[in-house]
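In full-length UniProt numbering, the protein residues as written are 1 to 602. See structure below.
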Amino acid sequence: MREFSLPALYEVPADGNLTDLIRRNATQHPDVPVLARKRDGRWEDITAAAFLDEVRATAKGLIAAGVQPGDRVGLMSRTRYEWTLFDFSIWSAGGVTVPVYETSSPEQIAWILGDSGAVAALVETEDHLKAVESVRDHLPALAHVWQIETPAPSEGAVPRLIAEGAGVSDATADERGSVANADSPATIVYTSGTTGRPKGCVLTHRSFFAECGNVVERLRPLFRTGESSVLLFLPVAHVFGRLVQVAAVMAPIKLGHVGDVKTLTDELGSFRPTMVLGVPRVFEKVYNSARAQAQAGGKGKIFDKAADTAIAYSRAQDDPSGPSLKLRFQHKVFDRLVYSKLRAVLGGRATHAISGGAPLGERLGHFYRGIGFTVLEGYGLTESCAATAFNPFDRQKIGTVGQPLPGSVVRIADDGEVLLHGEHLFTGYWNNQQASEEALSDGWFHTGDIGTLDADGYLAITGRKKEILVTAGGKNVAPAVIEDRIRGHALVAECMVVGDGRPFVGALLTVDEEFLPRWADEHGKSGLSHPELLADPELLAELQGAVDDGNAAVSKAESVRKFRVLSTQFTEESGHITPSLKLKRGVVAKDFANDIEALYAS
């Protein structure tokens, strides 16, 4: 058994709650822009004083509607300014926010709002409203539903609540906002549910204070009030997006929102953040898109040479002797020709990113640091209020998820499971004592992840305890390691390794529908049908290359011997991935049982 901890850098206020942050900002930084919203195609700054006024006004509407201290209020919307506004408004009314993914089905909505006992809900669109209304009979506690986007702007949730709360005094609102303390529930976040129904993780105000306070203090150079900014495009219904939101308000730095990732490149260019928060798939897409464009323009060899140089330059930074004179010269040339253009795609001002949700991969980590855009990997779960480990900006160790959150402890059990202890942890699962007792034992949260700690306390995650495959030959295989490497190829959308009880390891692959047409054009195969493309020997050879790259990360016994290309995609709508993009392995294995059998048929 091994464990590592760092001293806390932030002290959680015992008698405070998260609404204290916006009151403090309005007092100490009244004219500093703490948020920005897009209106009529332009970013409009919102000062700390103005944000507090709008939060208080909407909170009055919730109070007037009968929301009581401790009441749960559902919030179903894409990432947008109103998400943050309503989150703080619910807290200011003494309530508890219950996020609902905007892609949730009526059945999922009924479960989350019903299990949490939500008394009210805020939804974004008419479709969301219809989905809630379709299950209203199963939600006896739900008394109010407000819609953010309406044909008549005056009927939207914000103006309606402000109007309905006009008779509530400031004193009443301020008194209500101070009811909760650090140990009061702030939110119930329902896990994505790779198996069974989602469980509601109860996160307190203390959880967010401990989490965000220590993240901000450890990464303080990235959180400079009046200078730094972050553009949030992750779902705020996911705990990682929530971390970004609360940390930005805590710092405070300017926070912007993007609801549609299809417009992300344009929004990065117009908002120009100093820091980016994302998941590995975003950074993989940026790299793969840039490489594909270079190849289409006849500059593929130059791009590949520039990428190799960036990686070598980054690796050399970890060597006491540093980059050679030749390497520094090559890097300077490529910075002007290639790297500066890539940084411009990311807004032009950002020097750092924080990545979580899945491993980024060592090669891509070195590539980004080599172009002057350092991606700091972290690791966390809903139960740990997002990051429970992250790489510090001044002591990054690529290939790991960093050191423990200051003030917390990471322990590796005898069987390799990662155990966590700290103020940032959830207090249990809502209405589920049995699951709570199984997950929390003597103050330690059992993550279900397998990992290692090095001598400096840097954590590496090698797989999920329940996902470990045991081949017929008795070899234990952690799928995540090889899957992440294979998934990094531009043509691969998803990869699921199989082989439990089988003679060898195999894999199911889906092809990225964005890059497949590009590949077909570049290889003179645009006239082929989709089935013909997927069976094309040249395409299969390219996918074999992706598998070979993945195999390089593991032993021969763990390597993928055969793969099968599926003609469909793993999507949330198909039920094969969760809203946070995790594979539902049991569902995939059941739905594609015939394809798995075909891998071992001969």
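Just so it is clear, CB atoms sit at the ideal spot from N, CA and C, and this is done for glycine as well. Since the structure is predicted, the reported quantities are computational estimates derived from the model, not experimental observations.
On the DSSP letters alone, give me the boundaries of the beta strand (DSSP E) that residue i sits inside.
{"i": "C212", "result": "Counting along the chain, C212 falls outside any beta strand (DSSP E), though it belongs to the alpha helix (DSSP H) covering 205-218."}
{"i": "Q569", "result": "It is not in any beta strand (DSSP E) - Q569 carries neither H nor E in the DSSP assignment."}
{"i": "W146", "result": "144-147"}
{"i": "T462", "result": "459-464"}
{"i": "K397", "result": "No beta strand (DSSP E) holds K397; DSSP gives it neither H nor E."}
{"i": "V507", "result": "It should be pointed out that residue 507 corresponds to Ala in this sequence rather than to Val. Segment 505-511, the beta strand (DSSP E) holding A507."}
{"i": "V73", "result": "72-76"}
{"i": "A121", "result": "120-123"}
Which of the three DSSP states is assigned to residue i in this structure?
{"i": "D45", "result": "strand"}
{"i": "P33", "result": "strand"}
{"i": "S340", "result": "helix"}
{"i": "G550", "result": "helix"}
{"i": "S355", "result": "strand"}
{"i": "V236", "result": "coil"}
{"i": "T97", "result": "strand"}
{"i": "L405", "result": "coil"}
{"i": "G545", "result": "helix"}
{"i": "H138", "result": "helix"}
{"i": "N432", "result": "coil"}
{"i": "E227", "result": "coil"}
{"i": "A312", "result": "helix"}
{"i": "E417", "result": "strand"}
{"i": "I371", "result": "coil"}
{"i": "E494", "result": "strand"}
{"i": "R518", "result": "helix"}
{"i": "F390", "result": "strand"}
{"i": "R2", "result": "strand"}
{"i": "N476", "result": "strand"}
{"i": "V179", "result": "coil"}
{"i": "R69", "result": "In the sequence as presented, Arg is not what sits at residue 69; that position holds Pro. Correct three-state label for P69: coil."}
{"i": "L540", "result": "helix"}
Opposite residue i in the DSSP bridges: which residues?
{"i": "W444", "result": "S441"}
{"i": "C385", "result": "C385 is not bridged to any residue."}
{"i": "G200", "result": "Y190"}
{"i": "residue 608", "result": "A question about residue 608 goes unanswered here, because the residues of the chain that appear run from 1 up to 602."}
{"i": "M275", "result": "V230, H352"}
Residue i: which of the options sits nearest, CA to CA?
{"i": "E494", "options": "V477, T571, P404, I596", "result": "T571"}
{"i": "V587", "options": "M496, G473, K262", "result": "M496"}
{"i": "V409", "options": "I302, K397, L425", "result": "L425"}
{"i": "I188", "options": "A152, I90, E284, R136", "result": "I90"}
{"i": "G177", "options": "Y313, G70, L337", "result": "G70"}
{"i": "V279", "options": "A353, E107, T388, R136", "result": "A353"}
{"i": "A307", "options": "R291, G448, D318", "result": "R291"}
{"i": "P7", "options": "A50, E423, G361, V338", "result": "E423"}
{"i": "S355", "options": "R281, G298, E417", "result": "R281"}
{"i": "I109", "options": "P185, S134, V505", "result": "S134"}
{"i": "T578", "options": "G407, P235, V418", "result": "P235"}
Taking the alpha-carbon positions, what's the residue i to residue j distance?
{"i": "D595", "j": "A589", "result": "9 Å"}
{"i": "W430", "j": "A247", "result": "25 Å"}
{"i": "L534", "j": "A557", "result": "28 Å"}
{"i": "D549", "j": "N214", "result": "37 Å"}
{"i": "V34", "j": "P252", "result": "6 Å"}
{"i": "R315", "j": "N288", "result": "21 Å"}
{"i": "Y368", "j": "V158", "result": "41 Å"}
{"i": "G41", "j": "K341", "result": "24 Å"}
{"i": "G524", "j": "D45", "result": "49 Å"}
{"i": "V276", "j": "K475", "result": "39 Å"}
{"i": "A520", "j": "H530", "result": "10 Å"}
{"i": "A64", "j": "S229", "result": "35 Å"}
{"i": "K199", "j": "I468", "result": "23 Å"}
{"i": "residue 610", "j": "G347", "result": "Here the chain comprises residues numbered 1 to 602, so residue 610 is not present and cannot be evaluated."}
{"i": "A182", "j": "S384", "result": "16 Å"}
{"i": "T427", "j": "T191", "result": "14 Å"}
{"i": "L12", "j": "Y81", "result": "Note on identity: in this sequence residue 12 is Val, with Leu being the wrong assignment. Cα-Cα distance, rounded: 27 Å."}
{"i": "A478", "j": "K397", "result": "22 Å"}
{"i": "P140", "j": "E573", "result": "28 Å"}
{"i": "S321", "j": "D454", "result": "23 Å"}
{"i": "E3", "j": "R23", "result": "38 Å"}
Grab the span of the alpha helix (DSSP H) containing residue i for me, first residue to last.
{"i": "T374", "result": "First-last for T374: 374-381, but that is the beta strand (DSSP E), not the alpha helix (DSSP H)."}
{"i": "A8", "result": "Run containing A8: none; DSSP gives neither H nor E here."}
{"i": "V588", "result": "585-591"}
{"i": "G114", "result": "106-116"}
{"i": "A131", "result": "126-133"}
{"i": "V261", "result": "No alpha helix (DSSP H) contains V261, which DSSP labels as neither H nor E."}
{"i": "L534", "result": "530-534"}
{"i": "R160", "result": "157-164"}
Is there at least one non-hydrogen atom of the ligand FAD closer than 8 Å to the beta-carbon of residue i?
{"i": "G506", "result": "Absence of the ligand FAD is noted for the structure shown, with no ligands found whatsoever."}
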